[in-house]
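In the numbering used here, the protein residues as written are 11 to 733.
Positions of the beta carbon are idealized from the N, C-alpha and C atoms, including for glycine.
Below is one structure, written out as structure tokens; the observations come after it.
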Amino acid sequence: MRNLELWVGVEPTVSRVGDETLDQLALSGFDRRTEDLDRLAELGVAAMRFPLLWERTAPEGLDRADWSWADARLARLAQHGVKPILGLVHHGGGPRHTHLLDPGFADGLKAYARAVAERYPHVSAYTPVNEPLTTARFSALYGHWYPHARDEKSFWKALMHQLRATVLAMEEIRRVNPEAALIQTEDLGHSSSTPRLKGQADFENERRWLSLDLLLGRVDQAHSMWDHLRWAGASEQEVLWFAEHPCPPDVLGLNVYVTSERFLDERLHHYPPHTYGSNGREQYADVEAVRVRGEGIGGVGARLREAHARYGRPLAITEVHLGCTREEQLRWLHAAWQDAEQVRQEGADVRAVTAWAALGAFEWNSLLTRRSGHYESGLWDVRAPEPRPTALAQLARELGTGQSPSHPVLAGPGWWRREDRLIFPAFGPVRGEGRAGRPLLITGATGTLGRALARACEQRGLPYHLLSRQDLDIADPRSAAEALKTYRPWAVVNAAGYVRVDDAEQDPRNDRENATGPLVLAHACADQGVRLLTFSSDLVFDGRKGTPYVESDIPHPLNAYGRSKQAAEEHVLEALPEALVVRTSAFFGPWDPHNFAAWVRRELRAGQPVRAACDQVVSPTSVPDLTHAALDLLIDGERGLWHLANAGAVSWAEFARLVAGMTGLDAELVEAVPTSALGLSAARPPFSALTSERGWLMPELEDALHRWHAHTEDEEQERLAAD
């Protein structure tokens, strides 16, 4: 049996919503960076799903096609020995002169496919149309994408045109290269339901095979979907054309996502109104199965087994992606690989697993219908001057080169396997796994940051121990060494420290906690081979630069607190160069009643004036955003100095007015005063806003404030309801 191969792909959708087009290749930068192919190849991949999209190559017709982009990149792939699988249409409708309901769509793609094959006769694998059934649903049944139809007849037309285009395209390609293989992809979902809706679930589960059944020539009067297709407006001639022109895929490419498995439930009161749907006879909620089914979901293994039982043909998992925190992305890819190996051992011909969205994906949280800047990173994170490899790249490299996956977070179950996945009343007995694997040690049990990090670990299924000074005195070498031996962590997150900036001018505890303690931890971690994340401050700078500081700017602190933080940075990285040191600034968050934003809100609600400095510019930082970004960097194996603060630079007075505006309170009560009027003991830099030259991982300040306000409002409503 051949070894399971690693394939790779970038998200290439050129989506159209109304008259607006969103090009994933432009957003990720893949359209500009030829060197991305070198990055992909060094993972040990056997093949790449390569986007040679019709609408990008020949938007104004074949006579004006521009092949230069593809020429350079396909030559680069050939140098690396990576096989291209050419995708011609990916969730799109081709150039603007056509669309999925256009009867000329199939002939147009046929002509384009012939031109591609003639230019690249050596290419032997194609996906003319990606996920035709899924695209037909979203474009012509649900109306999300252009041409925004919402009826069964349009759904059939969109599906038929894409599948005709696939058949005709492969005929033309094989006239040039008779050995060319069809790698046909489809998002293979699955529906389950309450007993009352079993008929609807059965229909959904049969329809999901329709595109593959049609290509295989299996749909005739005896097929289970025949009557439905005729009811939807399909003529006998249209349907039987596929039986007369079979184009069986050489490899069935299954795209499996957590959200592809659905649950149908007539008990509407359990679910929010936006989940409601109807088949014309019954109204029901259509929700993610993982959120309600007690036994969980089938995942990659179940879909492979179903496809093997139905078709007995070669299989591949052609997209593996999860928009989630880093450890969950790692667990999903690893689980897909394990499932593929298991099903191979059971006798199925599973060829490959595809690490998808190698450069991440934009706006898929709204199915491409909104333009909010939402980004999910992949094997690389493109929010950096150059794509930054994440822990996913290392895992993919290990899988592609036959090494054992090494990351400690892989020992734990993904969120889709834990009980906390359930957000609706469970249907059926609940199965769930607990956290597993080596823990994180988090210091600072009584502080805002330490508690927030523990909360983040709870949410992410990361084993951890939150330690107080009694458990681990960070400035005591013996205490630090003993704690590491006792708990055997894979990393230490140091959230302990002295935080009273003005008192630090005279209090010797400042140096002990902020300078000595991190150095002691660095030595202990170095001795025992443990990763370290520790935090620093914007107050290491003097504010004379006048623009936001980046990591390479030279510190020059103005006060004792800043000097202790600078000393910690230098000494930690000298003792443990692999350490991650995160500079941040001006915390606010929903769980801390003492931060500046909460204080402003409380005072303004009481009708009290708020005095805030107008001559100190900072980068207010959401603690939830900070904790998740810092944990992702730690899991990625990042080292050295990183700046993490929400994007924005405001004075404290401006920040107070933003809080007032966000909460609907009177901004006129905010009194902007000079710092000298506040009677502070420690000098403050006039400008200590932070940005990064390494990567832009944090959301905009306004977005963070919106989420902070929504969370605090929800908590208040819950308290009122409880009272």
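C-alpha distance - Leu-47 paired with Gln-172, whole-angstrom precision:
The alpha-carbon atoms of Leu-47 and Gln-172 are separated by roughly 29 Å.
In the structure shown, what three-state DSSP assignment does Val-249 receive?
Looking at Val-249 - three-state DSSP - the assignment turns out to be helix.
Applying the 10 Å Cβ sphere with the 16-neighbour rule, what's the burial state of Pro-634?
Under this definition Pro-634 is a buried residue.
Rounded separation between His-284 and His-719 - CA only
Answer to the nearest angstrom: the Cα atoms are 23 Å apart.
So, is Leu-688 buried or exposed, given that buried needs 16 or more other C-beta atoms within 10 angstroms?
By the 10 Å Cβ count, Leu-688 comes out exposed.
Between the beta-carbon of Asn-187 and the beta-carbon of Ala-127, is there less than 8 Å?
Cβ atoms of Asn-187 and Ala-127: closer than 8 Å.
For Val-592, count neighbouring C-beta atoms within 10 Å of its own C-beta (all shown protein chains included) and say buried if the count is 16 or more, exposed if not.
Taking all protein chains in view, the Cβ of Val-592 is crowded by 16 or more other Cβ atoms within 10 Å, so the residue is classified as buried.
State buried or exposed for Asp-197, treating a residue as buried only when at least 16 other CB atoms are found within 10 Å of its CB.
Its Cβ being crowded by 16 or more others within 10 Å, Asp-197 is buried.
If you drop the 5 nearest sequence neighbours on each side, which residues of the same chain put their C-beta closer than 6 Å to that of Leu-119?
Closer than 6 Å at the Cβ level, and outside the excluded window around Leu-119, lie Ala-175, Ala-179.
Where Lys-555 sits in the DSSP three-state scheme:
Lys-555: coil per DSSP, three-state reduction.
Quick check on this structure: which residue in Val-310, Thr-544, Glu-523, Arg-615 has the alpha carbon closest to the alpha carbon of Tyr-571?
Cα-wise, what sits closest to Tyr-571 is Glu-523.
Please confirm whether Pro-528 and Phe-551 have their CB atoms less than 8 Å apart.
Their beta carbons are not under 8 Å apart, which means Pro-528 does not touch Phe-551 by this criterion.
Completely contained beta strand (DSSP E) runs for the segment 435-468, where each covers 3 or more residues
Along the length of the segment 435-468, whole beta strand (DSSP E) runs at least 3 residues long occupy 450-453, reported in chain order.
What three-state label does DSSP hand Asp-81 in the structure shown?
It is helical.
Classify Lys-495 as buried or exposed, calling it buried when 16 or more other Cβ atoms lie within 10 Å of its own Cβ.
By the 10 Å Cβ count, Lys-495 comes out exposed.
Restricting to runs no shorter than 3 residues, where is the beta strand (DSSP E) found entirely within the segment 254-326?
Listed in chain order, the complete beta strand (DSSP E) runs (minimum 3 residues) inside the segment 254-326 are 261-265, 271-275, 286-288, 293-298.
Would you kindly check if the distance between the Cβ of Asp-275 and the Cβ of Thr-328 is under 8 Å?
No.
3-residue-minimum beta strand (DSSP E) runs that sit fully inside the segment 343-376, ordered along the chain
If you keep only unbroken beta strand (DSSP E) runs of at least 3 residues inside the segment 343-376, you get 360-365.
Could you tell me how far apart the beta carbons of Ala-536 and Ala-585 are, in whole angstroms, since I believe they sit closer than 8 Å?
Taking the Cβ atoms as the reference, Ala-536 lies roughly 6 Å from Ala-585, within the contact range of under 8 Å.
Grab the span of the beta strand (DSSP E) containing Trp-17 for me, first residue to last.
Its beta strand (DSSP E) spans residues 15-19.
Taking the alpha-carbon of Leu-463 as reference, which of Pro-487, Leu-641, Ser-134 has the nearest alpha-carbon?
For Leu-463, the closest C-alpha among the options Pro-487, Leu-641, Ser-134 is that of Leu-641.
Inspect the CB distances between the segment 312-327 and the segment 460-476 and report whether three or more fall short of 8 Å.
Using a C-beta cut-off of 8 Å, the segment 312-327 makes no contact with the segment 460-476, since fewer than three inter-stretch Cβ pairs fall below that distance.
Which term fits Trp-241, buried or exposed, when burial requires 16 or more other beta carbons within 10 angstroms of its beta carbon?
So Trp-241 counts as exposed.
Taking the alpha-carbon positions, what's the Leu-543 to Leu-643 distance?
Cα to Cα, Leu-543 sits roughly 9 Å from Leu-643.
By a C-beta neighbour count over all protein chains shown, 10 Å radius and 16 as the cutoff for buried, is Tyr-286 buried or exposed?
It is exposed - the Cβ of Tyr-286 has fewer than 16 other Cβ atoms within 10 Å.
Same chain, Cβ closer than 8 Å to Arg-74, neighbours up to 5 away in sequence not counted
Cβ-Cβ distances below 8 Å link Arg-74 to Ala-68 in the same chain, with the five nearest sequence neighbours on each side left out; the list follows chain order.
According to DSSP, what are the bridge partners of Phe-40?
Note: Phe-40 sits in no beta bridge, so no partner.
Candidates Arg-611, Ser-546, Val-177: closest to His-581 by CA position
Ranked by Cα distance from His-581, the first of Arg-611, Ser-546, Val-177 is Ser-546.
Pick out the complete alpha helix (DSSP H) segments inside the segment 550-617, 4 residues or longer, and give them in chain order.
Whole alpha helix (DSSP H) segments, 4+ residues: 570-585, 606-615.
Do you know offhand how far His-158's Cα is from Lys-167's?
In a straight line, the C-alpha of His-158 is about 13 Å away from that of Lys-167.
Glu-648 - DSSP class collapsed to helix/strand/coil:
Correct three-state label for Glu-648: coil.
Collapsed DSSP secondary structure at Ala-56 in the structure displayed
Correct three-state label for Ala-56: coil.
Taking only the alpha-carbon atoms, compute the straight-line gap between Ser-270 and His-533 and give it to the nearest angstrom.
Rounded to the nearest whole angstrom, the CA to CA distance from Ser-270 to His-533 is 47 Å.
Use the C-beta contact count for Asn-13: other C-beta atoms within 10 angstroms, 16 or more gives buried, fewer gives exposed.
So Asn-13 ends up on the exposed side.
Taking 8 Å as the threshold, find out whether the segment 138-150 comes into contact with the segment 82-95 through three or more Cβ pairs.
For the pair of segments examined, the segment 138-150 was found not to touch the segment 82-95: the number of CB pairs separated by less than 8 Å stays below three.
Run through DSSP, which three-state label would Ala-211 get?
Three-state DSSP puts Ala-211 in a helix.
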